[in-house]
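Peer 1:
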Amino acid sequence: GYLALYRKYRPADFESLEGQKEIIKVLKNSIINNKVSHAYLFSGPRGTGKTSTAKIISKLVNCENLVDGKLCGKCSSCLSTDNNDIIEIDAASNNGVDEIREIRDNANLVPSNCKYKIYIIDEVHMLTPQAFNALLKTLEEPPKHIIFILATTEYYKIPLTVISRCQRFQFNKLSSTDIINRLKFIAGEEKITV
Numbered sequence: 325g326y327l328a329l330y331r332k333y334r335p336a337d338f339e340s341l342e343g344q345k346e347i348i349k350v351l352k353n354s355i356i357n358n359k360v361s362h363a364y365l366f367s368g369p370r371g372t373g374k375t376s377t378a379k380i381i382s383k384l385v386n387c388e389n390l391v392d393g394k395l396c397g398k399c400s401s402c403l404s405t406d407n408n409d410i411i412e413i414d415a416a417s418n419n420g421v422d423e424i425r426e427i428r429d430n431a432n433l434v435p436s437n438c439k440y441k442i443y444i445i446d447e448v449h450m451l452t453p454q455a456f457n458a459l460l461k462t463l464e465e466p467p468k469h470i471i472f473i474l475a476t477t478e479y480y481k482i483p484l485t486v487i488s489r490c491q492r493f494q495f496n497k498l499s500s501t502d503i504i505n506r507l508k509f510i511a512g513e514e515k516i517t518v
């Protein structure tokens, strides 16, 4: 079947993620040194790698045999395509308090296959005030096996109480060089002349 190029070439590891070198360095070191935060906030314009980075972290922290901060590619976490311990929520369409309460209620359940249960909440600024309050309760006393990765294009809409509980990273627009490098790579892979 046909696979859209953005899906086919979504970076699967830090090495294939263009730009954001400083962020990658900090995150990679924290994972290698087992100093993972329980909540991250990734903010920045669209298309800068926030969700890709969230997915990469989810894989890395759950990989059973990391080699120098790289995925082993052999363990059950690396090989799993449909991991129910990695839960993605799009707050633009699920901004209600019910979804977040469900997270809060399930937060104490240990992951079924992995070391960490990870909640990636995209466009987190769209949550309702009640949903933010419910999220805050979990962020204040998070179980050890849970990591929240919140992503947003409009971080100034997020309550300060939530921001203060997260390790925040500001993703910047890609430079022309970064974009050209990525396009060259994809064009080469697809045998397209540009």
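In this note's numbering, each residue's number is its place in the sequence shown (first place is 1) plus 324. Don't be surprised by glycine CBs; every beta carbon is placed ideally from N, CA and C. Note that the coordinates shown come from a computational prediction; the quantities given were computed from them, not determined experimentally.
(1) Using the rule of at least 16 other Cβ atoms within 10 Å of the residue's Cβ for burial, across every protein chain shown, is Ser-443 buried or exposed?
(2) Suppose you measure from the CA of Asn-505 to the CA of Leu-341; what does that come to, to the nearest Å?
(3) Taking the alpha helix (DSSP H) that Gln-494 belongs to, which residues open and close that run?
(4) Going by DSSP, which residues form a beta bridge with Glu-412?
(5) Nearest-angstrom Cα distance between Val-268 and Lys-441?
(6) Report back the beta-carbon spacing between Pro-467 and Ala-431 to the nearest angstrom; my notes put them in contact at under 8 angstroms.
(7) Between the Cα of Glu-388 and the Cα atoms of Glu-514, Lys-398 and Leu-498, which residue gives the shortest distance?
(8) For the candidate residues Tyr-330, Lys-345, Tyr-333 and Gly-325, whose alpha-carbon lies nearest to that of Leu-303?
(9) Residues in the same chain with beta-carbon distance under 7 angstroms from Gln-494, minus the five sequence neighbours each way, listed in chain order, please.
(10) Provide the residue(s) that pair with Tyr-330 in DSSP beta bridges, ordered along the chain.
(11) What are the start and end residues of the alpha helix (DSSP H) that includes Thr-501?
(12) Does the count of Cβ pairs from the segment 373 to 391 and the segment 458 to 475 closer than 8 angstroms reach three?
(13) Please report the residue range of the alpha helix (DSSP H) in which Ser-340 lies.
(14) Which value, in whole angstroms, describes the spacing of the CA atoms of Asp-392 and Ile-356?
(15) Grab the span of the beta strand (DSSP E) containing Ala-475 for me, first residue to last.
(16) Mind checking whether Thr-485 and Leu-451 have CB atoms under 8 angstroms apart?
(17) In whole angstroms, give me the CA-to-CA distance for Asp-337 and Cys-396.
(18) List the whole-angstrom C-beta distance separating Asp-414 from Glu-447, where the pair is believed to meet the contact cut-off of C-beta under 8 angstroms.
(19) Could you tell me which residues DSSP pairs with Ala-363 in its beta bridges?
(20) Return the first residue and the last residue of the alpha helix (DSSP H) that Ser-401 is part of.
(21) Tell me the residue span of the alpha helix (DSSP H) that contains Ile-381.
Peer 2: Reading it off the structure:
(1) The count along the sequence shown starts at 1 and reaches residue 443 at position 119. A small fix is needed here, since residue 443 is Tyr in this sequence, not Ser. Tyr-443 counts as buried, since at least 16 other C-beta atoms from the protein chains shown sit within 10 angstroms of its C-beta.
(2) The residue given as residue 505 occupies position 181 in the sequence shown. The residue given as residue 341 occupies position 17 in the sequence shown. One C-alpha to the other measures close to 11 angstroms.
(3) Start at 1 with the first residue of the sequence shown, and residue 494 comes out as number 170. Where Gln-494 is concerned, there is no enclosing alpha helix (DSSP H), although the beta strand (DSSP E) it sits in stretches over 491 to 494.
(4) As a first step, residue 412 is located in the sequence shown; it is residue number 88 there, counting from the start. In the DSSP output, where bridge partners are listed per residue, Glu-412 has Ile-444.
(5) Coverage of the chain is limited to positions 325 through 518, which leaves residue 268 absent and any answer about it impossible.
(6) Position 143 of the sequence shown, counting from 1, holds the residue named residue 467. Position 107 of the sequence shown, counting from 1, holds the residue named residue 431. Sure, about 6 angstroms apart at Cβ, within 8 angstroms.
(7) Your numbering for residue 388 matches position 64 in the sequence shown. Of Glu-514, Lys-398 and Leu-498, the residue nearest in Cα terms is Lys-398.
(8) As shown, the chain starts at 325 and ends at 518. That puts residue 303 outside it, with no answer to give.
(9) Locating residue 494 in the sequence shown gives position 170, counting from the first residue. Listed in chain order, the non-local C-beta contacts of Gln-494 below 7 angstroms within the same chain comprise Ser-367 and Gly-368, local neighbours out to five positions each way being set aside.
(10) Here residue 330 refers to the residue found at position 6 of the sequence shown. Tyr-330 pairs with nothing; no bridge assigned.
(11) For the purposes of this step, residue 501 is taken as residue 177 along the sequence shown, with counting starting at 1. It spans 500 to 513 - the alpha helix (DSSP H) in which Thr-501 sits, taken as one unbroken run.
(12) Output reads yes: the segment 458 to 475 touches the segment 373 to 391.
(13) Looking up residue 340 in the sequence shown gives position 16. Ser-340 -> no alpha helix (DSSP H), and no H or E assigned at all.
(14) If you number the sequence shown from 1, residue 392 lands on position 68. If you number the sequence shown from 1, residue 356 lands on position 32. Distance between the alpha carbons of Asp-392 and Ile-356 is about 7 angstroms.
(15) As a first step, residue 475 is located in the sequence shown; it is residue number 151 there, counting from the start. Run containing Ala-475: 470 to 476, per the beta strand (DSSP E) assignment.
(16) Locating residue 485 in the sequence shown gives position 161, where the first residue counts as 1. Locating residue 451 in the sequence shown gives position 127, where the first residue counts as 1. Their beta carbons are not under 8 angstroms apart, which means Thr-485 does not touch Leu-451 by this criterion.
(17) Numbered from 1 along the sequence shown, position 13 holds the residue referred to as residue 337. Numbered from 1 along the sequence shown, position 72 holds the residue referred to as residue 396. Rounded to whole angstroms, Asp-337 to Cys-396 spans 11 angstroms at the Cα level.
(18) Start at 1 with the first residue of the sequence shown, and residue 414 comes out as number 90. Start at 1 with the first residue of the sequence shown, and residue 447 comes out as number 123. Asp-414 to Glu-447, Cβ: 6 angstroms. Contact.
(19) Mapped onto the sequence shown, residue 363 falls at position 39. DSSP, once it has assigned bridges, lists Phe-472 as partnering Ala-363.
(20) In the sequence shown, residue 401 corresponds to position 77, counting from 1. Its alpha helix (DSSP H) spans residues 400 to 403.
(21) Translated into positions along the sequence shown, residue 381 becomes position 57. Residues 374 to 386.
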